[in-house]
Amino acid sequence: IYLMMISIYKFIPVARGLRKRTPKMPIVKTGACFECLGQSFCYVRVQQGPSLYTRKLVPLPKDWTNVHYKRNYRHTMDSPNSFPSFSEALEKEILDKEKPYDGKDPNLESEIKCAWCRESAANNAITLSRCVRCKLVWYCSKECQKEDFDGHKGYCKKIGKLEASTQRESAALCSTTDHIFSAHAVPQNLFETAAGDFWGIIVTRDYMRARMALADEVYHLAYEIETKESWECALNHSLELLRLCISDNLGIRYRLPFILLYLNRDDDAFSFIKYWMDDFDDHYDERRKIHKNSREGEWIYPRQDGCRYLDIFKECPTVTPKYVDLWFLVALCIIKMRIVAANKAAQDSLKLFSKSPTGKSFNDDVTTAISEFTVGDQKERSMVENQRRQVERLMDQIHVNNPSMLPSIINPMPLKSKPLPQGYSRGKPAEAYLVLNDCNRCFVRTPGATAWLEKRFGKRPKYDVSIDYYH
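The sequence shown runs contiguously to residue 471 in full-length UniProt numbering.
Listed below in C-alpha cells is the structure:
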C-alpha cells in the first residue's frame, strides 16, 4: 500500500537510472537576481550575472515559467509570488523517494554516472571517461560531452586555471629560503616543516589564496552536480587549508560542516563544530603538535560515533552561546532536525505497516517487537524528545544571534534578491545571506524542518534585509 501511494504521487514515474536529462533551457541574462528554492534543486543557464554565484541565480522577470529542477522536475509559475512554499516543495521532494527518510540526504550521488545522459558506470556496455581538465565530471561518449559543454565549460575552465595556479604556488614552497633571514639558510619544504603555520609566514599567502579560490570553485561545482566524488574533493581542499593554517585566517571552517552534511557525515560535522567551539587557547600546544605531524588528506579532528546525539552546550559548558558562530548553530540545528525527522519517518512507516493486511495479522507481542525495532523503546523515544528540545534551544539562540536568519530560510526572496555582500557583521542580514547560501538545501531536504520554522514565523515572514554595500 505504501509503495502504491508513492507511485501515485511520484513526479517522474520512470526509473531514475533510465531517464534522460531534460534539454537545457535557453541562456538568459540576469537582471535583478535571486536564488530559487534552495536554492536547492533548480537551475538555469545564466549569462552576465554576479561572478561568484552566477551558476545558481535566475532572473526575476515579470512572469517566468518552466523553472528546471535538477532532478528533472518542472514547475510552471505565473509570477514570482506563486512560487511554492518550502513545505510544499519539500513534500514533493520526499514523495519522489522510494524509501522512508533515514536522516541522510538521498540526493547524494555515490555512483559514477555520465553527467549528461545519466548512464551508470555499473553498466558493462559503456565506458565512462573523466573530464581531463576538472577531473570531477564523467561522460560516456563525446556526444554527451558536447551536449553538456555549454553548461560545464564555465566550471571546467575556472577549475583548470585555479589548479594550475595552485600547483605553481605549491612548487615555490617545496624548496625555499624566503622565510628565513639568513645567508646560509638551507632550503625547506614548508609543507613538511611549517604545517599549521601557513599564513603567518608571508610567502605562503599566495598559495593559500590560490587554493582557497580553487576550493570555492570546486564547492560550487559539487553543489551543482551533487556527486560524492565532487563533495569529497571540496572537503579535501578545505581540510588541507585548515591543516596548513591552524588559526584558519581565511574562514574555511564555517562552510566545512555543511560539506560534511552533504556527505551525510553528521557525526564528523558535530565533532568538527565541537572542536572549534572548545577554548582554543587551552588546547593550542596540543593542536599545533597534531598539525605539525600531519600529512595531506588526514582527518586530524576528534571522531566519535553517535556524537551527533549529544548536547553541544553540555559538551562545551564554558562557551557563551551568543558568541558561537552562526554557521555552527545552523549546522547543529540541521543535525538535530535530521535525527527527529528520521524517527518521525520510522513512526509513519510503522503506522502504514500496521494498517496493512500483513500488519493486522500479527498479535500484540509481535507488533510491539516490531515497534521497538523500528522506532525504539521508551529510552529511545525519550532521547528523541531530548533532540526536539535541543532543536528548540538552538532555534532560540539562532534568532537571538541573528533575527534575519530563520525567517530568511522560509522566505528567502527578500534577502536573495539583493547583490552578494562582500563582507558581514555579526547579527546583520549580510551574515544571514552568506549562511543561507550554505544551509538552505540541507533545511529544505529535511522533512518537517521548514514546517517547524513556519510554525514559529509563518509561511512568508518579514524580516530585516538591509545590507550595507561599500564601494
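Cβ coordinates follow ideal geometry from the N, Cα and C atoms, glycine included.
Express the C-alpha separation of residue j and residue i in angstroms, rounding to a whole number.
i: Arg-389; j: Ala-432; result: 23 Å
i: Asn-401; j: Arg-205; result: 32 Å
i: Met-395; j: Ala-345; result: 22 Å
i: Val-391; j: Leu-326; result: 15 Å
i: Leu-329; j: Ser-382; result: 23 Å
i: Glu-286; j: Arg-209; result: 27 Å
i: Glu-143; j: Ile-252; result: 38 Å
i: Ala-269; j: Leu-256; result: 8 Å
i: Arg-45; j: Cys-442; result: For Arg-45, the pLDDT reaches just 30, beneath the cut-off of 50, and the residue's location in the model is therefore unreliable, although a value from the coordinates is still provided. If you take the alpha carbons of Arg-45 and Cys-442, they lie about 23 Å apart.
i: Glu-232; j: Asn-264; result: 11 Å
i: Thr-193; j: Tyr-469; result: 41 Å
i: Cys-36; j: Asn-437; result: Bear in mind that a pLDDT of 35 at Cys-36, under 50, signals an unreliable position, so the model cannot answer this.
i: Ser-165; j: Val-203; result: 15 Å
i: Ser-141; j: Leu-310; result: 48 Å
i: Leu-239; j: Gly-297; result: 7 Å
i: Glu-226; j: Phe-313; result: 32 Å
i: Pro-403; j: Thr-450; result: 16 Å
i: Arg-168; j: Ser-175; result: 12 Å
i: Val-435; j: Asp-150; result: 29 Å
Residues in the same chain with beta-carbon distance under 6 Å from residue i, minus the five sequence neighbours each way, listed in chain order, please.
i: Glu-111; result: Ser-120
i: Tyr-219; result: Ala-234
i: Ala-213; result: Leu-162
i: Arg-460; result: Asn-411
i: Leu-190; result: Leu-173
i: Cys-134; result: Cys-156 and Ile-159
i: Leu-260; result: Asp-268 and Ala-269
Assuming residue i and residue j make a contact with CB atoms under 8 Å, what is their CB distance in whole Å?
i: Ser-294; j: Ala-195; result: 6 Å
i: Pro-414; j: Val-465; result: 5 Å
i: Arg-308; j: Asp-267; result: 5 Å
i: Tyr-139; j: Ala-341; result: Contact doesn't hold; Cβ gap of about 36 Å is too wide.
i: Tyr-155; j: Leu-221; result: 5 Å
i: Leu-128; j: Cys-117; result: Not really, about 11 Å apart at Cβ, beyond 8 Å.
If you drop the 5 nearest sequence neighbours on each side, which residues of the same chain put their C-beta closer than 7 Å to that of residue i?
i: Leu-453; result: Leu-406, Ile-409 and Ile-410
i: Tyr-301; result: Ser-271, Phe-272 and Tyr-275
i: Lys-336; result: Gln-387, Gln-390, Val-391 and Leu-394
i: His-237; result: Arg-211, Leu-214, Ala-215 and Val-218
i: Lys-292; result: Ala-195 and Gly-196
i: residue 560; result: The shown model of the chain, from 1 to 471, leaves out residue 560, and the question about it has no answer.
i: Tyr-254; result: Asp-325 and Trp-327
Can you give me the Cβ contacts of residue i inside the same chain, cut-off strictly under 8 Å, excluding the 5 residues immediately before and after it?
i: Glu-91; result: Since pLDDT at Glu-91 reaches only 45, below the 50 mark, its modelled position is unreliable, and the value read off the structure follows with that caveat. Same-chain partners within the cutoff: there are none.
i: Leu-241; result: Met-208, Arg-211, Met-212, Ala-215, Asp-248, Leu-250 and Ile-252
i: Ile-398; result: Leu-326, Leu-329, Val-330, Cys-333, Met-405 and Leu-406
i: Val-384; result: Ile-339, Val-340, Asn-343 and Gly-376
Using only the heavy atoms of the ligand MG, determine whether one of them is closer than 8 Å to the beta carbon of residue i.
i: Leu-326; result: Absence of the ligand MG from the depicted structure is noted, as is the absence of any ligand whatsoever, leaving it without description.
With residue i as the anchor, note down where its alpha helix (DSSP H) starts and where it stops.
i: Glu-229; result: 228-244
i: Tyr-262; result: 256-262
i: Asn-402; result: Note, Asn-402: premise wrong, no alpha helix (DSSP H); not H, not E.
i: Cys-439; result: 429-444
i: Thr-450; result: 449-457
i: Phe-313; result: 312-315
i: His-291; result: 284-292
i: Trp-276; result: 266-277
i: Leu-415; result: 413-416
Pull up the DSSP beta-bridge partners for residue i, would you.
i: Ile-201; result: Phe-198
i: Thr-176; result: Gln-188
i: Ser-120; result: Lys-113
i: Trp-138; result: Arg-130
Are the C-beta atoms of residue i and some chain C residue less than 9 Å apart?
i: Ala-346; result: Among the chains in the structure shown there is no chain C, since it carries only a single protein chain.
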